[in-house]
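Report on the structure given below.
Protein chains in written order, with my numbering: chain S, 1 to 353; chain P, 1001 to 1293.
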């Protein structure tokens, strides 16, 4: 009898661990009504950010977004709020609780699109900012990037660096934002090196480093000697494969040269998410906040929203000079970088010596 | 053509390696009569402990031992609850999976101070196209076959799983045999986890096991509870994974969604008895009550 009781208790305890994830986030913002009377002068601006599942500490997207928000907060002399999402189901509730406590809620990532639409309607008197996707609501300001322009530049670098004339591209999930990287990269490779072939793979995930590594190893066996990834944390595996098998990897979003122990990151395609979040908050603070799809901002090379970085000092001065020429050609409109697979098909490679 | 085949074979074996260990573990456990649904969770704690020990000591070998010890401990937990207390094995296994998921997430934040993933640690760098775990898997498949089918100890394991009462009457300690096998399955699942976190790559990431324990379970059923059969089934699932990667990189015009779903569809087809009837050990999943009439 006692045995049964004990086993029942133990099973109960184990099942209860199921609910540990359901605890409300500690930083559940208090209602504005409680806060305002306490502060003698209510701060003029209040804003906060909701992370995607990557969370703060991803050394990429979210960290960069937070850096821009933090910078704006320091300049305005206020404190920004932060709410982390641990799963996709958190997006809508987190946006809601953030919107209840601040004027402007920022969210970063393509995957926020649907949650943002719902929350923007629900809190029509609040402002929202979203990066990487366009949400057509009057109270949502959208910022996207011309990832294809930055990817074009690293494509040029890859095309001029490869010895085998085989180059790899590893994407995360096959959706429009990532296709921009793919199309721009291939256009860059073809422009700089018409003989090079690009192998394209998608891992189907952004959080599976061993899959990223397996794909990179397979591409390397197919003779690829430069591999560009736009696959979030799968890229850790791509860079590790580069370390092991001695080929070049190209990083994404932030400078990823520190991820490689043997300095095998050739360059990184930079996407200034911090510039994007800073821009939105600045617009809000200057009373220039404009929602809706018509007012969506797109940051490209010209706006310095995208570019490339060379933290490992692997890009030679001659190569950098060639890349600069391409950059100038994109800025003055000589080259229109394709951002979709359809545009890529009609794209005529432009060779600049 | 030859190069495609060699690429396919290498990729198949790499993808199958982390599956083989838990599949062998499941074979031992179920041959002795205990269903082990908790393989996935045991892999997760194994993967985490391997990274933690390697992080603290700098030695991946000690990391592997850490994974075996913690995996074995979780195996013991399943054994203790389902053999000693005769709790429902599937329920305890499921609870272990949930516990492992929450525990690793919690400790990750406690130890590394950030959610998501750990820093890079020292790991087993590959020898040739494979890392040490692939060779270890091959050895363990042969050893498991030998132990289960060529030794008196293996005969006892199978007897306990088929007809525990008869085995008990002949003086075999049913409880001890089952304890040994379930702990062994935990140790093997722990090695499987380590082969991911300090073999395939060099860090622990939340959710990195991604259902591989369940695929291993399917491979064990597909392989008819036989070590070699299970290993071949793992290779089959590895092949599905490799086809997915390679057909994409050769630009075959197949929808990506179909390719991503392929390994799971094959798993379902395999388990749904496409390959002939698979018969589990007769006493699989039934707690043994000593002295029951």
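The beta-carbon is built from N, C-alpha and C at its ideal position, and this holds for glycine as well.
Three-state secondary structure assigned by DSSP to residue i
i: residue 333 of chain S; result: coil
i: residue 142 of chain S; result: strand
i: residue 37 of chain S; result: A caution first: residue 37 of chain S carries a pLDDT of 46, below 50, which makes its placement in the model unreliable, though a value can still be read off. If DSSP states are grouped into helix, strand and coil, residue 37 of chain S belongs with the helices.
i: residue 269 of chain S; result: strand
i: residue 309 of chain S; result: strand
i: residue 1010 of chain P; result: helix
i: residue 47 of chain S; result: strand
i: residue 75 of chain S; result: helix
i: residue 201 of chain S; result: strand
i: residue 84 of chain S; result: coil
i: residue 220 of chain S; result: helix
i: residue 1004 of chain P; result: helix
i: residue 1310 of chain P; result: Because chain P spans 1001 through 1293 in this model, residue 1310 of chain P falls outside it and cannot be assessed.
i: residue 196 of chain S; result: coil
i: residue 1163 of chain P; result: coil
i: residue 212 of chain S; result: helix
i: residue 230 of chain S; result: strand
C-beta contact flag for residue i and residue j at 8 angstroms
i: residue 135 of chain S; j: residue 149 of chain S; result: no
i: residue 1120 of chain P; j: residue 1064 of chain P; result: no
i: residue 1185 of chain P; j: residue 1088 of chain P; result: no
i: residue 276 of chain S; j: residue 299 of chain S; result: yes
i: residue 110 of chain S; j: residue 253 of chain S; result: no
i: residue 105 of chain S; j: residue 184 of chain S; result: no
i: residue 1209 of chain P; j: residue 1068 of chain P; result: no
i: residue 311 of chain S; j: residue 258 of chain S; result: yes
i: residue 331 of chain S; j: residue 353 of chain S; result: no
i: residue 1157 of chain P; j: residue 1177 of chain P; result: yes
i: residue 205 of chain S; j: residue 172 of chain S; result: yes
i: residue 88 of chain S; j: residue 56 of chain S; result: no
i: residue 1164 of chain P; j: residue 1288 of chain P; result: yes
i: residue 1263 of chain P; j: residue 1284 of chain P; result: no
Where residue i meets chain S, residues with beta-carbon distance less than 8 angstroms
i: residue 1248 of chain P; result: 200, 201 and 202
i: residue 1126 of chain P; result: 244
i: residue 1007 of chain P; result: 218, 221 and 222
i: residue 1196 of chain P; result: 210
i: residue 1260 of chain P; result: 204
Partner residues on chain S for residue i, Cβ-Cβ distance less than 9 angstroms
i: residue 1043 of chain P; result: What residue 1043 of chain P touches in chain S: nothing, since even the nearest Cβ is about 13 angstroms away.
i: residue 1117 of chain P; result: 57, 58, 207, 209, 233 and 236
i: residue 1290 of chain P; result: What residue 1290 of chain P touches in chain S: nothing, since even the nearest Cβ is about 13 angstroms away.
i: residue 1270 of chain P; result: The contacting residues do not exist; residue 1270 of chain P stays about 21 angstroms from chain S at best.
i: residue 1208 of chain P; result: 207, 208, 209 and 210
Rounded straight-line distance, which links the Cα of residue j to that of residue i
i: residue 273 of chain S; j: residue 131 of chain S; result: 8 angstroms
i: residue 1195 of chain P; j: residue 1145 of chain P; result: 21 angstroms
i: residue 141 of chain S; j: residue 329 of chain S; result: 30 angstroms
i: residue 319 of chain S; j: residue 1183 of chain P; result: 58 angstroms
i: residue 1138 of chain P; j: residue 1291 of chain P; result: 41 angstroms
i: residue 1083 of chain P; j: residue 217 of chain S; result: 44 angstroms
i: residue 102 of chain S; j: residue 1253 of chain P; result: 48 angstroms
i: residue 268 of chain S; j: residue 147 of chain S; result: 12 angstroms
i: residue 1030 of chain P; j: residue 1086 of chain P; result: 15 angstroms
i: residue 214 of chain S; j: residue 255 of chain S; result: 23 angstroms
i: residue 316 of chain S; j: residue 155 of chain S; result: 15 angstroms
i: residue 288 of chain S; j: residue 281 of chain S; result: 10 angstroms
i: residue 1071 of chain P; j: residue 1050 of chain P; result: 10 angstroms
i: residue 1060 of chain P; j: residue 228 of chain S; result: 29 angstroms
i: residue 207 of chain S; j: residue 1206 of chain P; result: 9 angstroms
i: residue 251 of chain S; j: residue 262 of chain S; result: 14 angstroms
i: residue 347 of chain S; j: residue 1256 of chain P; result: 24 angstroms
i: residue 1167 of chain P; j: residue 1045 of chain P; result: 34 angstroms
i: residue 336 of chain S; j: residue 188 of chain S; result: 11 angstroms
i: residue 1304 of chain P; j: residue 1023 of chain P; result: A question about residue 1304 of chain P goes unanswered here, because the residues of chain P that appear run from 1001 up to 1293.
i: residue 279 of chain S; j: residue 292 of chain S; result: 16 angstroms
i: residue 182 of chain S; j: residue 246 of chain S; result: 23 angstroms
i: residue 1200 of chain P; j: residue 236 of chain S; result: 12 angstroms
i: residue 143 of chain S; j: residue 270 of chain S; result: 16 angstroms
i: residue 1193 of chain P; j: residue 1047 of chain P; result: 4 angstroms
i: residue 118 of chain S; j: residue 124 of chain S; result: 10 angstroms
i: residue 46 of chain S; j: residue 297 of chain S; result: 22 angstroms
Beta-carbon neighbours of residue i, restricted to chain P and to distances below 7 angstroms
i: residue 240 of chain S; result: 1201 and 1202
i: residue 54 of chain S; result: 1116
Residue i: contacting residues in chain P (beta-carbon distance under 9 angstroms)
i: residue 214 of chain S; result: 1011, 1014, 1015, 1200, 1241, 1242 and 1245
i: residue 174 of chain S; result: 1256 and 1257
Proximal chain S residues relative to residue i, where beta-carbon distance stays under 7 angstroms
i: residue 1205 of chain P; result: 207, 209 and 233
Worksheet item: Quick one: complete alpha helix (DSSP H) runs, 4+ long, within the region 87-129 of chain S?
Response: 91-101 and 113-122
Worksheet item: For the region 236-280 of chain S, which segments carrying the beta strand (DSSP E) assignment without a break, of at least 3 residues, lie completely within its bounds, in sequence order?
Response: 248-253 and 265-271
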